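Down below is the structure, laid out as structure tokens.
Number of protein chains: 2
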Amino acid sequence: MYRNDGFRELDRQECLRLLAKVPVGRVVHTRHALPAVLPVNFALDGDGAVLLRTSADSELVRAVEGAVVAFEADEVDAVARSGWSVVVTGAAAVVTDPAERRRLAVSGPRSWVPWPREVFVRIEPELVTGRELVGGRSMYGLDPLS
Amino acid sequence: MYRNDGFRELDRQECLRLLAKVPVGRVVHTRHALPAVLPVNFALDGDGAVLLRTSADSELVRAVEGAVVAFEADEVDAVARSGWSVVVTGAAAVVTDPAERRRLAVSGPRSWVPWPREVFVRIEPELVTGRELVGGRSMYGLDPLS
Chain Y
62 MYRNDGFREL DRQECLRLLA KVPVGRVVHT RHALPAVLPV NFALDGDGAV
112 LLRTSADSEL VRAVEGAVVA FEADEVDAVA RSGWSVVVTG AAAVVTDPAE
162 RRRLAVSGPR SWVPWPREVF VRIEPELVTG RELVGGRSMY GLDPLS
Chain B
62 MYRNDGFREL DRQECLRLLA KVPVGRVVHT RHALPAVLPV NFALDGDGAV
112 LLRTSADSEL VRAVEGAVVA FEADEVDAVA RSGWSVVVTG AAAVVTDPAE
162 RRRLAVSGPR SWVPWPREVF VRIEPELVTG RELVGGRSMY GLDPLS
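Residue numbers (this note's numbering), protein chains in the order written: chain Y, 62 to 207; chain B, 62 to 207.
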């Protein structure tokens with residue numbers, strides 16, 4: 062997709078490898094019928110699911126519980142004009158299974174703030190897509206600004 | 062909004078000042094009824110509108126033309142657990158006025174790649190919202206991981 066935008070598409074394995082390199086991504090959902098975006102720290106589960114850790118009372122939980130959301134992470138170097146972007150799209154749900162909660166308390170994402178009522182949110186990796194911008198110069202053999 | 066997430070809300074002027082500091086943000090729109098996210102370089106217009114420069118043939122133009130989209134930029138320091146996120150929400154449209162196109166060719170965003178049929182896209186700043194994460198330690202007087 063977006064083939065006319067000068068990007069190379071990444072396969073699922075490349076996407077998950079890149080996602081594992083960064084600590085922060087963005088949850089994209091719908092809020093009052095408008096697109097909404099929220100940066101969050103996260104961890105990847107073994108199957109590529111995105112794991113968040115937040116307060117049960119947060120707007121984030123109310124906004125995404127049971128919804129299909131997109132989770133995006135990227136690294137873009139504006140000077141080199143290169144980088145990548147990966148999007149995981151899938152249903153989001155609060156983890157309720159006690160054994161799973163215990164596992165995530167150890168191996169899941171760390172909290173940045175001490176939540177009074179902490180929960181884990183899991184975003185299923187139903188669709189994993191990514192794009193790489195190789196850089197104007199190396200991709201086209203010329204500097205687009207020259 | 063998101064008051065339970067440990068963030069401070071930013072006013073419109075703070076948001077625009079922060080947006081002007083970064084070269085890259087993300088356009089959030091709907092694609093095949095699913096949320097979609099695309100990193101892009103951009104410039105801010107004098108009134109706070111977000112300006113993009115891309116190919117008339119790009120998927121981006123087809124996806125956002127005439128739609129209400131969100132444009133998000135952020136800077137998050139995962140070590141310091143601090144940062145900010147700003148979202149501009151409004152209608153997106155390709156700039157068609159010839160005088161406006163000439164103005165943007167000089168003062169608008171630069172191209173990263175040489176588009177064969179270049180257009181400017183303007184996202185109206187109908188809603189400008191932002192949040193600042195002050196950092197777990199300074200905000201709560203303790204390290205949440207201790």
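Built from N, CA and C at the ideal position, the CB exists for glycine as well. The structure presented is a predicted model; accordingly, all values stated were derived computationally and were not measured.
Could you name the residues that DSSP lists as bridge partners for residue i?
| i | result |
| --- | --- |
| T190/Y | V148/Y |
| T115/B | V180/B |
| D72/Y | D72/Y is not bridged to any residue. |
Does any residue of chain Y have a CB that is nearer than 7 Å to the CB of residue i?
| i | result |
| --- | --- |
| P205/B | With a pLDDT of only 36 at P205/B, under the threshold of 50, the placement of this residue in the model should not be trusted; the figure read from the coordinates follows. Closer than 7 Å: yes. |
| P84/B | yes |
| S146/B | yes |
| T186/B | Correcting the residue type first, residue 186/B is Pro in the shown sequence and not Thr. Judged by the 7 Å Cβ criterion, P186/B is not in contact with chain Y. |
| R78/B | no |
| V88/B | no |
| V111/B | no |
| A141/B | no |
| G202/B | For G202/B, the predicted model reports a pLDDT of 32, less than 50, meaning its position is unreliable; a value from the coordinates is still stated below. No, because no Cβ of chain Y sits closer than 7 Å to the Cβ of G202/B. |
Verify the CB distance criterion: does residue i have a CB-CB separation below 7 Å to chain B?
| i | result |
| --- | --- |
| T157/Y | no |
| V180/Y | no |
| D135/Y | yes |
| A131/Y | yes |
| T150/Y | yes |
| R183/Y | no |
| R114/Y | no |
| V195/Y | no |
| P98/Y | It should be pointed out that residue 98/Y corresponds to Val in this sequence rather than to Pro. So yes, V98/Y belongs to the interface. |
| R198/Y | Note that R198/Y scores a pLDDT of 38, beneath 50, so its modelled location is shaky; the value from the coordinates is reported in the next line. By this cut-off, R198/Y is not an interface position. |
How would you label residue i, buried or exposed, when you count the other beta carbons within 10 angstroms and need 16 or more for buried?
| i | result |
| --- | --- |
| T157/B | exposed |
| A124/Y | buried |
| L113/B | buried |
| L188/B | exposed |
| H90/B | buried |
| E133/B | buried |
| P186/Y | buried |
| D135/Y | buried |
| Y201/B | Here Y201/B scores only 34 on pLDDT, less than 50, and its place in the model is too uncertain to base an answer on. |
Quick check on this structure: which residue in the options has the alpha carbon closest to the alpha carbon of residue i?
| i | options | result |
| --- | --- | --- |
| R162/B | E187/B, G144/B, S119/B, D106/B | D106/B |
| V88/Y | E179/B, A131/B, L113/B | A131/B |
| A152/Y | V111/Y, L121/Y, R142/Y, A128/Y | A128/Y |
| R159/Y | V180/Y, E193/Y, H93/Y, A110/Y | This sequence places Pro at residue 159/Y; Arg is not what is there. Cα-wise, what sits closest to P159/Y is V180/Y. |
Of all the CB atoms in chain D, is at least one closer than 7 Å to the CB of residue i?
| i | result |
| --- | --- |
| P170/B | Protein chains Y and B are contained in the structure displayed, whereas chain D is not. |
Assuming residue i and residue j are in contact, meaning their beta carbons sit under 8 Å apart, how far apart are those beta carbons, in whole angstroms?
| i | j | result |
| --- | --- | --- |
| F220/B | R192/B | Nothing can be reported for residue 220/B, as the shown portion of chain B is limited to 62 through 207. |
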